[in-house]
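Each residue of the sequence shown is one higher than the one before, counting from 0 in numbering that gives the first Met the number 0.
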Amino acid sequence: MSLELYLLDFCFSAVPAAVFAMLFNTPLKYVPYAALGGAVAHITRTVCINNVGFGIVASSFIASITISLMFIFLSPRLRVPRLVFTVASIVPIIPGKFAYLTLLSIIQMRNAEETKAGLIESFFENGIITSTVLLAIGMGIAMPALLFYRNRPVV
């Protein structure tokens, strides 16, 4: 990909993060930070897939670690909880295509008169990809916080 495409990807991936930040009633002065986090997460995943050669699961894991670390250091300076930013920032890296294909194969299985082996294979393949990417995103958000906040008292 060229630099122009990366810049366009960066700009366009900030939009869903900003929209979800507004949907979650984030104060308007913090919406640009959530948009920046979404753009950073998506461009990190895109670079890991296209240039480094990682798969979608590893790339999503690295992207979620990146935004988690970014907001671990940024949110105390802004005096806002970290989850205000990270929840909206992970939206651009959620695997919507694979979740859609999983549900589509279920619907097609119900209506298919011929053999369903290909649809069952598609269901499991896309379902496993979807669930592992979501697990990787969750682990990537949680792991840096466990490392940086481990000395804090529970109560």
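The C-beta atom is built at its ideal place from N, Cα and C for all residues, glycine as well.
Here G139 is actually not in contact with S88; their C-beta atoms are around 11 Å apart, not less than 8 Å.
A residue is called buried once 16 or more other Cβ atoms fall within 10 Å of its Cβ, and N125 is buried on that count. Shown here for S58: same chain residues with a beta carbon closer than 7 Å to its own, the five before and five after excluded, namely R44, C47, I48 in chain order. For the set M69, S104, V56, the Cα lying nearest the Cα of I92 is the one of V56. Sequence-distant Cβ neighbours of I42 in its own chain, meaning closer than 8 Å and more than five residues away, are Y5, D8, F9, S12.
M142 has its alpha-carbon roughly 25 Å from the corresponding atom of P31. A distance below 7 Å separates the beta carbons of G36 and I66.
In this structure, V132 keeps its C-beta atom at 7 Å or more from the C-beta atom of P80. When DSSP states are grouped into helix, strand and coil, Y29 belongs to the helix group.
Bounds of the alpha helix (DSSP H) holding Y5 are 2-22.
A Cβ-Cβ separation of about 6 Å places I105 in contact with F122 under the 8 Å criterion. Counting of Cβ neighbours within 10 angstroms places P15 among the buried residues, the total reaching 16 or more. Y148 carries a coil assignment under DSSP once its states are collapsed to helix, strand and coil. DSSP places V56 in the uninterrupted alpha helix (DSSP H) bounded by 55-77.
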